[in-house]
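Peer 1:
Numbering (the working numbering), first residue to last: 4 to 586.
The following block contains the structure:
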């Protein structure tokens with residue numbers, strides 16, 4: 004207690020006034036189980052929102068424990084036991100209390116033993132709720148920052164410019180497989196983390212940081228970081244400076260972002276543009292779109308004339324005009340769906356490798372020629388937008404050669420009808436289709452006595468007979484019926500959607516009559532027919548072939564130059580042994 008010679012004591016009223024003005028809650032309590040109050044200032048009761056007039060001198064005075072919840076009671080009890088056990092005078096701890104309305108608030112509690120009376124404890128409660136809220140906000144922000152960095156796959160660290168030390172946070176240190184780097188950036192370079200091709204950019208950035216002339220900067224360089232399987236990856240390195248009061252750079256916050264995939268896309272984009280520039284403009288067209296903004300940005304090449312306004316203002320308008328004015332009607336639905344803006348964006352975000360569809364394109368002379376359409380999608384180098392480049396290439400000559408080659412592989416070289424393999428493939432495809440109504444007929448055709456024709460008139464004449472038979476069959480059948488040669492003088496037909504057995508018999512008789520022709524006084528060219536119906540007689544080529552062959556055999560047995568439709572009773576009588584007399 005201070006004394007100045009004139010005032011030796013402080014009045015009770017002044018003491019109470021001083022205690023009430025102290026910005027914390029004070030109380031004195033007995034060392035009993037309840038910590039019964041013997042003194043408490045007004046702030047103590049306001050802290051617990053107890054406005055009742057309490058006489059702490061009363062034997063029924065409340066205790067400190069009466070104002071605390073279970074957790075706070077346990078924490079306080081542990082501190083008091085530790086004080087007595089360790090023979091300490093004071094202790095301090097933080098605790099959270101709940102107000103009567105359930106709101107939580109934090110207090111720093113300081114407890115000490117009263118020197119003048121060992122039976123008393125002195126408590127001071129200081130409200131630190133505002134500080135705790137700030138700490139919690141900082142903790143949440145730091146956690147949000149760590150999560151954001153973790154999800155973005157960026158490496159972030161702090162560089163002490165004066166001490167030349169890079170301080171790496173735990174997550175960053177673990178990913179980079181290194182702790183704090185002394186003598187940064189020399190140590191980073193010495194460890195082989197910087198590609199020789201990127202040393203100039205690396206040194207230039209460090210010089211910018213040291214100069215402090217630019218508060219932030221960025222560069223792309225090749226670095227080897229952590230356990231990367233490649234020698235070097237491409238990284239975008241950003242820095243932001245923190246200055247001292249005298250404007251000298253003190254700290255730099257540096258981020259490393261792996262942009263290898265983006266760099267590869269940029270290189271691919273440049274190659275794509277270079278590829279187009281190297282192509283002849285007359286046989287190509289190039290359309291560049293901003294998919295995100297639904298905008299046509301560029302058009303080159305002569306395969307497509309300059310798109311008129313206003314269709315050229317949007318990608319959707321340009322695509323619609325292109326499909327309607329340049330693509331063959333049979334190909335329009337397929338190409339329209341392929342270059343639809345929604346489809347391209349969906350496939351881009353899925354990472355799908357797009358095919359290169361081919362279609363028939365209206366050329367300047369008014370005819371249709373084959374064109375291959377390619378799409379390259381990349382992020383815009385200067386924004387987050389998605390760009391799409393559509394390249395059209397005239398492949399008409401190449402395509403027609405391919406078609407001719409395929410036709411040659413599928414057709415019989417002598418007659419031009421389908422060969423056996425192509426016919427079987429087409430027939431099986433029809434038999435496996437669903438929802439087909441009606442019935443179909445597989446028909447075997449055999450030139451009667453063809454060996455006699457070859458022997459008497461020569462093979463060249465025999466070939467002419469086979470060609471005439473095929474031409475007559477194709478002329479007499481519908482466009483979607485199939486004609487094939489399966490070998491020698493044997494042909495096979497697939498008649499689609501035959502109405503009835505009688506209609507089939509009538510059609511076969513008509514074909515037989517058209518093919519029958521006398522070529523000499525002793526020789527007539529004629530054909531025999533055998534047919535089986537799908538699905539009644541079978542659902543596969545092999546099943547129908549066997550039964551049509553039996554019907555053909557029946558036609559030959561009936562004298563040739565006739566037509567038979569398979570019946571269950573048909574079959575071949577096979578003689579295994581000659582009849583001999585026994586005994």
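Glycine included, each C-beta is placed from N, C-alpha and C at the ideal position.
List the residues that DSSP assigns as beta-bridge partners of residue 157.
Peer 2: Its beta-bridge partners are 260.
Peer 1: What are the boundary residues of the beta strand (DSSP E) that includes residue 241?
Peer 2: Segment 236 to 246, the beta strand (DSSP E) holding residue 241.
Peer 1: Let me confirm a value: residue 210 is counted as buried when at least 16 other C-beta atoms fall within 10 Å, else exposed. Which label applies?
Peer 2: It counts as exposed.
Peer 1: In this structure, does DSSP put residue 253 in helix, strand or coil?
Peer 2: Strand at residue 253.
Peer 1: Using a 10 Å radius around the Cβ and a threshold of 16 neighbouring Cβ atoms, would you call residue 482 buried or exposed?
Peer 2: Residue 482 is exposed by the Cβ-count criterion.
Peer 1: Is the beta carbon of residue 553 less than 9 angstroms from the beta carbon of residue 449?
Peer 2: No, the pair does not count as a contact, with Cβ atoms beyond the cut-off.
Peer 1: Within 10 angstroms of the Cβ of residue 461, are there 16 or more other Cβ atoms? Answer buried if so, exposed if not.
Peer 2: Classification of residue 461: exposed, given that the 10 Å Cβ count is below 16.
Peer 1: Look up residue 31 in the DSSP assignment and give the residues it is bridged to.
Peer 2: Paired residue(s): 42, 125.
Peer 1: Please report how far the alpha carbon of residue 322 lies from the alpha carbon of residue 300, in whole angstroms.
Peer 2: Cα-Cα distance, rounded: 13 angstroms.
Peer 1: For residue 324 and residue 259, what's the separation of their Cα atoms in angstroms?
Peer 2: Each residue's Cα considered, the two are about 45 angstroms apart.
Peer 1: Which ranges does the alpha helix (DSSP H) cover as unbroken runs of at least 4 residues, wholly within the segment 433 to 493, from first to last along the chain?
Peer 2: DSSP runs (the alpha helix (DSSP H)) wholly in the segment 433 to 493: 453 to 460, 462 to 479.
Peer 1: Here's the rule I'm using: 16 or more other beta-carbon atoms within 10 Å means buried, otherwise exposed. How should residue 225 be labelled?
Peer 2: Buried, by the Cβ-count rule.
Peer 1: Hey, could you find the ends of the alpha helix (DSSP H) residue 352 is sitting in?
Peer 2: That run of the alpha helix (DSSP H) goes 344 to 353.
Peer 1: Looking at the structure shown, is residue 308 part of a helix, part of a strand, or coil, going by DSSP?
Peer 2: If DSSP states are grouped into helix, strand and coil, residue 308 belongs with coil.
Peer 1: My output table needs one value for residue 566: the three-state DSSP class, helix, strand or coil.
Peer 2: It is a strand residue.
Peer 1: Rounded to the nearest angstrom, what separates residue 214 and residue 195 at their Cα positions?
Peer 2: C-alpha separation (whole angstroms): 25 angstroms.
Peer 1: Given a cut-off of 9 angstroms on the beta-carbon distance, is the pair residue 240 and residue 223 in contact?
Peer 2: Their beta carbons are under 9 angstroms apart, which means residue 240 touches residue 223 by this criterion.
Peer 1: Between the beta-carbon of residue 415 and the beta-carbon of residue 487, is there less than 9 angstroms?
Peer 2: Yes, Cβ-Cβ distance for residue 415 and residue 487 is below 9 angstroms.
Peer 1: Ignore the nearest five residues each way along the sequence and tell me which others in residue 542's own chain have a CB closer than 7 angstroms to its CB.
Peer 2: Contacts found: 434.
Peer 1: Relative to the alpha-carbon of residue 296, which residue among 348, 200, 274, 445 has its alpha-carbon at the smallest distance?
Peer 2: Nearest option by C-alpha distance: 348.
Peer 1: If we count the other Cβ atoms within 10 Å of its Cβ and call it buried at 16 or more, is residue 379 buried or exposed?
Peer 2: That one is buried.
Peer 1: Measuring CA to CA, which of 551, 392, 567 is closest to residue 558?
Peer 2: Comparing Cα positions, the closest option is 567.
Peer 1: At the 9 angstroms Cβ level, is residue 165 part of the contact set with chain B, yes or no?
Peer 2: Absent from the structure: chain B. Only one protein chain is present.
Peer 1: If we call anything under 9 angstroms between Cβ atoms a contact, is residue 398 one with residue 375?
Peer 2: Going by C-beta atoms, residue 398 is nearer than 9 angstroms to residue 375.
Peer 1: Restricting to runs no shorter than 4 residues, where is the alpha helix (DSSP H) found entirely within the segment 526 to 567?
Peer 2: Counting whole runs of 4 or more residues, the segment 526 to 567 contains the alpha helix (DSSP H) stretches 544 to 560.
Peer 1: If you measure between the beta carbons of residue 318 and residue 337, is that distance less than 9 angstroms?
Peer 2: Cβ atoms of residue 318 and residue 337: not closer than 9 angstroms.
Peer 1: Could you name the residues of the same chain whose beta carbon sits closer than 6 angstroms to that of residue 360, not counting the 5 residues immediately before and after it, in chain order?
Peer 2: Correct list, in chain order: 341, 376.
Peer 1: Return the CA-CA distance between residue 105 and residue 99, expressed in angstroms with no decimal places.
Peer 2: In a straight line, the C-alpha of residue 105 is about 12 angstroms away from that of residue 99.
Peer 1: Tell me whether the segment 394 to 408 and the segment 364 to 375 touch, counting them as touching only if at least three CB pairs, one residue from each stretch, are closer than 8 angstroms.
Peer 2: The segment 394 to 408, when compared against the segment 364 to 375, does touch it at the 8 angstroms Cβ threshold.
Peer 1: Among 480, 484, 452, which has the Cα closest to the Cα of residue 469?
Peer 2: Of the candidates 480, 484, 452, the one whose C-alpha sits nearest the C-alpha of residue 469 is 452.
Peer 1: Give the straight-line distance between the Cα atoms of residue 46 and residue 172, rounded to the nearest whole angstrom.
Peer 2: One C-alpha to the other measures close to 43 angstroms.
Peer 1: Over the uninterrupted alpha helix (DSSP H) stretch that includes residue 320, give me the two end residues.
Peer 2: 318 to 329 is the span of the alpha helix (DSSP H), which, as asked, contains residue 320.
Peer 1: Under 7 angstroms Cβ to Cβ from residue 572, same chain only, skipping five residues before and after it: list those, please.
Peer 2: If we look at residue 572 and ignore the five residues flanking it on each side, it has no Cβ neighbours.
Peer 1: Considering just the uninterrupted stretch of the alpha helix (DSSP H) at residue 291, what are its terminal residues?
Peer 2: From DSSP, residue 291 is part of no alpha helix (DSSP H) but of the beta strand (DSSP E) over 287 to 293.
Peer 1: Per DSSP, what are the beta-bridge partners of residue 495 in this structure?
Peer 2: Per DSSP, 447, 487.
Peer 1: Look at the alpha carbon of residue 247 and the alpha carbon of residue 204, and state the distance between them as a whole number of angstroms.
Peer 2: About 26 angstroms.
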